[in-house]
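Read through the structure below, which is laid out as structure tokens, and then see the notes.
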Amino acid sequence: MKRKIVYCMFAMTLFAATAFANGNQEASANKPMVLKIGYGIPEDTVSGKYVGLWADEVTAKTGGRISFEIYPSGQLGTLVEMIEACDLHTLDITFNDPSLMVTYLPEIALLSQPMLIKDYGHMDAVVQGDVGKELASRLEENTNMHVLGWVRNGFRNIISTKPLNSLADCKGFIIRSPESDIYIDTFSLLGMTPTPIPYSDIYTAMQTGVVEGCDTSFENFILASFYELGKYVLESNHMAASMSLIINKDIWESIPEEDQKIMEEAYNRLFSECNNEVAAAEQKYKKELIEKGCTISRFKDQDAIVNLFMDYWTEFAQKNGCEKLLEDVIALR
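In case it helps, numbering that gives the first Met the number 0 puts the sequence shown at residues 0 to 332.
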């Protein structure tokens, strides 16, 4: 078995190297380029649909000089593996979560700081403005990846078996947490008791009382049937999520400027539409939760809760050399 795995890995490496060489030859000979796109979400989600629309439009407007093979739903590996593959150029393009790129650029986690991004208007101002451009530039300087752009991916909220309307309500609340320091820190600062549990085990954990709630998107509250167990939804917006379309830098630099412009213009227009659909879908799921008997509320003491996290943001920014970027994000609130 080990021998087969080694042979398989060698074959994959050889194939990747050959594909890279062939890609350069095709680019240099001005022949059509076929680029592979890998991502984790299903292709019938809002964002997945727009990746396909972008690929189709670029293919059409370049007259087939650039075309794409799309591999959704993690067919090419985990999100982290696809980021690594894009950096190493065993994958041409990935549509991925910037928060998973912290090993390449720690300060990119600024976009995921708890309670920092207030709403969609604030998110757009941050990622589409100077902050987003600076983070994209730093990523390109430190890796072999080029950011084509950012897009909304929703906010994390909390569903629970009892109401959470204030900081006092949070004290001792047992919440499922992803196995990541930023989530554990977030819930701990709120006075909750974070309990790391795999996502696949959340329903059972809530059902048996191991935890009293969890955090994810409105969409997942519906799709994973968490609403059957938790009838209270706190629209805390405690953590923003974004996605970015990233292309290997060697590939990007081999594309003629005319076609780069086509790719950028198509991205900017289509993913602006995608942003609107993401917000509309969120409202649809929110309405569906109400129809299924859930009560939706917000923190009554939101400003006091935001103030709890200011030292946390400052410590992060000082540690990662992005104090000015943090100031800019706060100024845009």
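Glycine is no exception: its CB is placed at the ideal position from the N, C-alpha and C atoms.
Using a Cβ distance threshold of 8 Å, Met32 and Leu147 do not count as a contacting pair. Within the same chain, Gly148 come within 7 Å of Asn267 by CB-CB distance, once the 5 residues on both sides are set aside. Around the CB of Pro255, fewer than 16 other CB atoms lie within 10 Å, so the residue is classed as exposed.
Cβ-Cβ distances below 8 Å link Lys230 to Thr160, Gly292, Cys293, Thr294 in the same chain, with the five nearest sequence neighbours on each side left out; the list follows chain order. Here Ser176 really is in contact with Thr194; their C-beta atoms are around 6 Å apart, less than 8 Å. A direct Cα-Cα distance of roughly 8 Å separates Asp168 from Pro162.
By the C-beta criterion, the segment 32-45 is judged to be in contact with the segment 87-97, since at least 3 inter-stretch pairs fall below 8 Å. By the neighbour-count criterion, in which a residue is buried when 16 or more other Cβ atoms sit within 10 angstroms of its Cβ, Leu222 is exposed.
Secondary-structure assignment with DSSP links Asn267 through no beta bridge to anything. CA-CA distance, Asp86 to Glu139, rounds to 10 Å. Taking the Cβ atoms as the reference, Met144 lies roughly 6 Å from Asn247, within the contact range of under 8 Å. Per DSSP, reduced to three states, the secondary structure at Leu147 is strand. Per DSSP, the continuous alpha helix (DSSP H) segment holding Asp327 begins and ends at 322-330. Bridge partners of Leu34 according to DSSP: Phe67.
Looking only at Phe220, Ile201, Lys318, the smallest Cα-Cα distance to Glu211 is reached by Ile201.
Its chain contains Ile116, Met122, Phe154 as the residues whose beta carbon lies nearer than 6 Å to that of Ala239, once the 5 sequence neighbours on both sides are disregarded; these appear in chain order.
Remark: C-beta atoms of Ala278 and Tyr119 approach each other more closely than 8 Å.
Along the segment 146-212, the alpha helix (DSSP H) occurs as fully enclosed runs of 4 or more residues at 166-169, 180-188, 201-207, listed in sequence order.
Contact annotation: Met205 and Leu228 have beta-carbon atoms nearer than 8 Å.
For Glu287, the closest C-alpha among the options Asn152, Phe186, Tyr226 is that of Tyr226.
In this structure, the CA atom of Cys321 is about 36 Å from the CA atom of Phe67. When the Cα atoms are used, Val126 and Val209 turn out to be separated by approximately 37 Å. Per DSSP, Glu80 is one residue of the alpha helix (DSSP H) stretching across 78-87.
Short of 6 Å from the beta carbon of Arg137, and not among the five residues preceding or following it, lie these beta carbons of its own chain, in chain order: Leu104.
In the structure shown, the three-state DSSP call for Met114 is coil.
The residue among Glu218, Gln259, Leu52, Glu56 with its C-alpha nearest the C-alpha of Ile158 is Glu218. Phe308 and Ser165 do not touch by the CB rule: their CB atoms are close to 16 Å apart, not below 8 Å.
Excluding five sequence positions before and after Asn141, the CB atoms of its chain that fall closer than 8 Å to its own CB belong to Tyr103, Leu104, given in chain order. In this structure, the beta-carbon distance from Ser111 to Ile181 falls below 8 Å. Annotation for Met309: the continuous alpha helix (DSSP H) segment containing it runs 309-319.
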